[in-house]
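Letter by letter, the sequence shown follows residues 159 to 413 in the working numbering.
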Amino acid sequence: MTKPIQVKNMSLGEGIPKICVPITGKTEEEIKEEGKKAVEAGAELVEWRADFFEALEDRAALEKMLLSLSDILGQVPLLFTIRTSKEGGNREIRIKDYVNYNMWACETGKADFIDVEVFGEESLKKELIQSLQEKGTRVIASYHDFEKTESKEELKNRFRALYHSGGDVLKIAEMPAEFENTADLMLACREMTEEISNPIIAISMGNTGSISRISGENFGSCITFATVGKASAPGQFPVKELRMMMEALHEKNKE
């Protein structure tokens, strides 16, 4: 049974999955504008994909950007993410820098969640997760595969590894070759919600996996990602369309 996490006005892990809008701007002005549009569209969570930020290596610029973005978002929680090229992101980054940039973000006190890619340098990632949590930041322990989807049992074992990393929320996003792969991910998620209490995010990417972005309430996924402008991953729906479909499904579930 999932134990919800309360962050600002958002209760994560119960009811309809929360809609998260990623921001992928390169400049300060682009990021601010995307943040405003995300709030106007009704995002319940905003992910700043800092791997796209042109001044990521500049601590003062990073801190300034987080402060500005936090002001724009108000009571909408902020997820800080550096997605590495290894997991489909925009940066090839050394582990030392990855740790430093995430700690810089944490120390501003403005990142409600920080995404940590757990696999690769696992011991250092566990230390990072612990350090972030000690400073009061929630951690989304994540894994992404843009090439394939593992078997249901492999997925469950990966969720268990994410759980043992110490993350507050566990996320797996993988690319299906066929619908059966999407079904495996959805089933793995549902079965893991009965085994652990952490909120889980399970996303099957691309057009083949689009049903997973709509029906998370049925299989236990707590966040779904949607667009206001450019998509950050294949298969994302615009916010308005996604909300309409999820609310319709929610009403059917109550019948």
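In this text, a Cβ means the ideal position worked out from N, Cα and C, and glycines have one as well. Being a predicted model, the structure only gives us computed values, none of them experimental.
- Here ALA269 has LEU224, LEU236, PHE238, ALA263, THR295 as same chain residues with Cβ atoms under 7 Å from its own Cβ, once five neighbours each way along the sequence are excluded.
- Sixteen is the threshold: since fewer than 16 other Cβ atoms of the shown chains lie within 10 Å of the Cβ of GLN233, the residue is exposed.
- Secondary structure of PHE304 (DSSP, three-state): coil.
- GLU312 places its beta carbon 8 Å or farther from that of GLU275.
- Taken in chain order, the complete alpha helix (DSSP H) segments of 4 or more residues contained in the segment 177-230 are 186-198.
- Between the segment 395-410 and the segment 202-217, the count of C-beta pairs closer than 8 Å stays below three; the two stretches do not touch.
- Distances from the CA of VAL297 to each of SER281, SER370, GLU405, LYS329 were compared; the closest alpha carbon is that of LYS329.
- Our two residues, LYS190 and CYS347, have alpha carbons roughly 34 Å apart in a direct line.
- It is roughly 31 Å from the alpha-carbon of ILE287 to the alpha-carbon of GLY387.
- In the DSSP assignment, LYS329 forms a beta bridge with SER300, ILE359.
- In this structure the segment 313-326 does not lie against the segment 362-375, because fewer than three pairs of beta carbons, one per stretch, are closer than 8 Å.
- Here TYR259 is not near THR242, since their CB atoms are 8 Å or more apart.
- Taking all protein chains shown into account, GLY378 has 16 or more neighbouring C-beta atoms within 10 Å of its C-beta and is therefore buried.
- Spanning the alpha carbons of LYS293 and GLU336 requires a straight line of approximately 42 Å.
- Proximity to GLY173 across THR385, CYS380, GLU265, ILE358 peaks at CYS380, based on C-alpha coordinates.
- Between LEU282 and ILE240, the C-beta gap is not smaller than 8 Å, which leaves the two residues out of contact.
- Shown here for LYS166: same chain residues with a beta carbon closer than 8 Å to its own, the five before and five after excluded, namely GLN233, VAL234, PRO235, ASP270 in chain order.
- Under the 10 Å beta carbon count, ASN315 is surrounded by fewer than 16 other beta carbons and is classified as exposed.
- Taking the Cα positions, MET404 is about 19 Å away from ALA331.
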